[in-house]
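When we follow the numbering used here, the leftmost residue of the sequence shown carries the number 2, and every step to the right adds one. The structure appears below as structure tokens.
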Amino acid sequence: MKKKFDFGVQSYEFDKWSEFIDKINSILDYRQYIWRGQGDSSWIIESTLDRSLRLKGKIGDIKLIDAHLKRFKYAARGRRGSNPPGLENDNDWWALGQHNGLLTPLLDWTKSPFVSAFFAFASSEKSSTNRRLITGISRGSIESKSKEIIKAHTSSSPPSIIDFFEPLSDENARLVNQGGLFTRSPAGMDIESWVRNNFGKDEKKVKMYKMLLPDDEREMILKSLNRMNINYSSLFPDLFGASKFVNMDMEITNY
């Protein structure tokens with residue numbers, strides 16, 4: 002196992018699933034961390050919309066982002082059932098679109114590090130680095146820092162903060178099963194850059210975990226998680242989840 006700490010970011014490069022479990026067990030009392038899994042350790046922790054705009058050379062284009070959401074609101078008319086719940090703000094609309102294929106400025110997180118591990122390893126596609134990534138961020142620390150930024154903010158532009166929110170709408174059963182919530186970062190800024198920029202090299206406490214695990218542990222990890230009832234069937238309570246669960250059962254021996 003290799004490890005490194007700087008700018009509030011604690012990185013671990015594990016060789017075995019058991020090392021990850023031991024580390025999570027050692028921080029069980031720290032409930033402020035939320036988690037996210039990604040299938041390649043080289044991927045920047047950024048939203049699908051930021052990634053798309055970056056490729057187009059339009060990163061941070063607020064007018065384009067606002068127009069994108071407005072088009073979705075119009076396109077969604079008549080497609081949410083006969084008596085859909087009201088959506089009170091733009092973040093609620095973004096959350097609706099997030100799990101229905103819309104490019105959004107949101108990132109999915111879960112309160113469970115093991116659920117995040119499932120999402121990191123669910124795909125059978127090999128990563129470019131031979132390592133998957135599980136990220137944890139300290140919600141309390143980031144919210145406190147965001148309040149400091151808001152208090153000191155004087156310009157007419159939006160303050161450079163990270164928002165956390167958990168939609169109350171009943172339209173997303175998956176979010177409930179996954180212990181899910183969302184973050185929204187400043188347009189064009191990824192999570193790790195925000196943490197490093199705002200906490201600095203003298204930070205002594207862990208504001209962000211980056212835990213890397215090798216691709217070749219995938220089948221064992223997914224079998225272990227299935228014994229915890231963390232699988233497609235439990236996380237996606239619909240026909241999609243049922244289909245993906247059965248596919249994985251066929252793919253992995255003794256799943």
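Glycine included, every Cβ here is placed at the ideal spot set by N, Cα and C.
Which one or two residues does DSSP pair with residue i in a beta bridge?
i      : result
Asp164 : Arg185
Phe6   : Gln11
Gln39  : Leu134
Tyr34  : Ser139
Tyr256 : Beta-bridge pairing links Tyr256 to no other residue.
What are the start and end residues of the alpha helix (DSSP H) that includes residue i?
i      : result
Thr49  : 49 to 56
Lys24  : 18 to 27
Glu252 : 240 to 252
Phe73  : 63 to 76
Ser194 : 192 to 200
Arg175 : 174 to 178
For residue i and residue j, what's the separation of their Cα atoms in angstroms?
i      : j      : result
Gly242 : Pro168 : 21 Å
Leu50  : Asn84  : 29 Å
Trp110 : Ile135 : 11 Å
Ile28  : Ala153 : 33 Å
Asp7   : Ile192 : 15 Å
Ile46  : Asn255 : 33 Å
Asn199 : Gly181 : 25 Å
Ala174 : Leu97  : 11 Å
Tyr210 : Gly79  : 42 Å
Tyr13  : Asp250 : 30 Å
Tyr31  : Lys224 : 26 Å
Asp16  : Leu65  : 43 Å
What residues in its chain sit with their C-beta under 7 Å from that of residue i, if we drop five residues either side in the sequence?
i      : result
Thr130 : Asp41, Ser42, Ser43
Lys74  : Trp94
Pro114 : Ile25, Trp36, Ile135, Gly137
Asp201 : Per the sequence shown, residue 201 should be read as Gly rather than Asp. Within the same chain, Gly201 has close Cβ partners Phe8.
Ser235 : Asn178
Glu20  : Met2
Excluding five sequence neighbours on each side, which residues of the same chain lie with their C-beta closer than 6 Å to the C-beta of residue i?
i      : result
Arg219 : Phe122
Trp95  : Thr105, Leu107
Pro187 : Ser161
Gln33  : Ser139, Arg140, Gly141
Pro238 : Ala174, Asn178
Phe119 : Leu226, Ile231
Ile222 : Trp18, Phe122
Lys245 : Tyr233
From which residue to which residue does the beta strand (DSSP E) around residue i run?
i     : result
Arg81 : That residue, Arg81, is in no beta strand (DSSP E); it is neither H nor E in DSSP.
Extract the residue ranges of the alpha helix (DSSP H) inside the region 93 to 157, only unbroken runs of 4 or more that lie entirely within it. Taking 4 residues as the shortest admissible run, the region 93 to 157 contains the following complete alpha helix (DSSP H) segments, listed from N- to C-terminal end: 114 to 122, 140 to 153.
Considering only residues of the region 212 to 242, which uninterrupted alpha helix (DSSP H) runs meet the minimum length of 4 residues and lie entirely inside it, listed in chain order? Secondary structure in the region 212 to 242: the alpha helix (DSSP H) runs of 4 residues or longer, each lying completely within the stretch, are 219 to 228, 233 to 236 in chain order.
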